[in-house]
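Colleague: Sequential numbering of the sequence shown, starting at 728, is according to this note's numbering.
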Amino acid sequence: MPQADSHKVVFLVGFMGAGKTSVGRSLSRRLGWDFEDLDDRIQARARRPITEIFRDLGESEFRRLENAALRELLSEPGVGPRIVALGGGAFAQPENAALLERAGAPVIFLDGPAEELFRRCQQEQRERPLLRDAKQFHQLYEQRRASYLKAACRIDTAGKDVDGVAAEVACRIGLE
Ligand code: S3P
Numbered sequence: 728m729p730q731a732d733s734h735k736v737v738f739l740v741g742f743m744g745a746g747k748t749s750v751g752r753s754l755s756r757r758l759g760w761d762f763e764d765l766d767d768r769i770q771a772r773a774r775r776p777i778t779e780i781f782r783d784l785g786e787s788e789f790r791r792l793e794n795a796a797l798r799e800l801l802s803e804p805g806v807g808p809r810i811v812a813l814g815g816g817a818f819a820q821p822e823n824a825a826l827l828e829r830a831g832a833p834v835i836f837l838d839g840p841a842e843e844l845f846r847r848c849q850q851e852q853r854e855r856p857l858l859r860d861a862k863q864f865h866q867l868y869e870q871r872r873a874s875y876l877k878a879a880c881r882i883d884t885a886g887k888d889v890d891g892v893a894a895e896v897a898c899r900i901g902l903e
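Encoded structure:
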């Protein structure tokens, strides 16, 4: 497991509802590091929300924008230490996983049972283009799990609160 302080950027990956953004914010407060959600960068570059990118341009264009945003982020020199949350599909794209591997940054997979992730997404009431019904959610989860498991570190979030998971991440990457 690469130690975070030698890289100063830590990536959180996992399925929708895994808590990447909320854990990322909690972890950034804890460490005094910046936080970035890659989806925010995509929306800023495309000048429209994720839902509209999917609706107007389609998923393949979203994936192209996502890959471009990740490349841009990785190429920024001299920025301070930060936690980066990736959207649920990003690490399941082999070219993105390869970029992160080349960068040598710690990648943390926030895991959890599909039922719990689905429940969390429903409670959030945030519009997600790839969140349809429970059956489709479970299928996509199964399709992607093997990709997430390639991350250097897996943390089970089942039944845990956000700050507890953030503390676990900090410990596993050697920062506490
Ligand atoms: C996606 C998850 C979303 C967002 C986009 C695609 C996915 O992010 O990137 O809607 O493919 O699973 P969250 O995981 O933060 O919901």
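The C-beta atom is built at its ideal place from N, Cα and C for all residues, glycine as well. Values in this document were obtained by computation on a predicted structure and should not be read as measured data.
Please report how far the alpha carbon of ILE769 lies from the alpha carbon of TYR875, in whole angstroms.
Modeller: For the purposes of this step, residue 769 is identified with residue 42 of the sequence shown, where counting begins at 1. For the purposes of this step, residue 875 is identified with residue 148 of the sequence shown, where counting begins at 1. Their backbone Cα atoms lie some 21 angstroms apart in a straight line.
Colleague: Using a threshold of 9 angstroms, state whether the C-beta atoms of GLU843 and GLY816 are closer than that.
Modeller: Taking the first residue of the sequence shown as position 1, residue 843 is located at position 116. Taking the first residue of the sequence shown as position 1, residue 816 is located at position 89. No, they are not a contact pair.
Colleague: With distances taken Cα to Cα, identify the nearest neighbour of TRP760 among ALA796, VAL834, ASP767, VAL736.
Modeller: Mapped onto the sequence shown, residue 760 falls at position 33. Of the candidates ALA796, VAL834, ASP767, VAL736, the one whose C-alpha sits nearest the C-alpha of TRP760 is VAL736.
Colleague: Is it the case that the stretch 797 to 809 contacts the stretch 773 to 787, given that we only count it when at least three CB pairs across the two stretches are under 8 angstroms?
Modeller: no
Colleague: Give me the Cα-Cα distance between ALA879 and PHE818, rounded to the nearest whole angstrom.
Modeller: Stepping through the sequence shown from its first residue, residue 879 is reached at position 152. Stepping through the sequence shown from its first residue, residue 818 is reached at position 91. Distance between the alpha carbons of ALA879 and PHE818: 12 angstroms.
Colleague: Of all the options GLY746, LEU739, PHE738, which has the alpha carbon lying nearest to the alpha carbon of GLN906?
Modeller: Here the chain covers residues 728 to 903 and nothing more, so residue 906 does not appear.
Colleague: Could you tell me which uninterrupted beta strand (DSSP E) segments, each at least 3 residues in length, are contained entirely in the stretch 827 to 884, listed from first to last along the chain?
Modeller: 834 to 838, 880 to 883
Colleague: If you drop the 5 nearest sequence neighbours on each side, which residues of the same chain put their C-beta closer than 6 angstroms to that of THR778?
Modeller: Residue mapping note: residue 778 aligns to position 51 of the sequence shown, counting from 1. Correct list, in chain order: GLU854, PRO856.
Colleague: Within 8 angstroms: the Cβ of PRO821 and any heavy atom of the ligand S3P?
Modeller: Residue mapping note: residue 821 aligns to position 94 of the sequence shown, counting from 1. Answer for PRO821: no, Cβ out of range of the ligand S3P.
Colleague: Relative to the C-alpha of LEU902, which residue among LEU739, ASP883, ARG757 is closest?
Modeller: Position 175 of the sequence shown holds residue 902. Closest by alpha carbon: ARG757.
Colleague: Enumerate in chain order the residues of its own chain whose CB-to-CB distance from LEU765 is below 8 angstroms, with the five nearest sequence positions on each side excluded.
Modeller: Within the sequence shown, residue 765 is the residue found at index 38, counting from 1. Contacts found: GLU793, ALA796, LEU797, LEU800, VAL811, ALA812, LEU813, GLY814, ALA817.
Colleague: Mind checking whether GLY703 and PHE845 have CB atoms under 9 angstroms apart?
Modeller: Because the chain spans 728 through 903 in this model, residue 703 falls outside it and cannot be assessed.
Colleague: Do you know how far the Cα of ARG809 is from the Cα of LEU917?
Modeller: Residue numbering for the chain in the displayed model covers 728 to 903; residue 917 lies beyond these limits and cannot be assessed.
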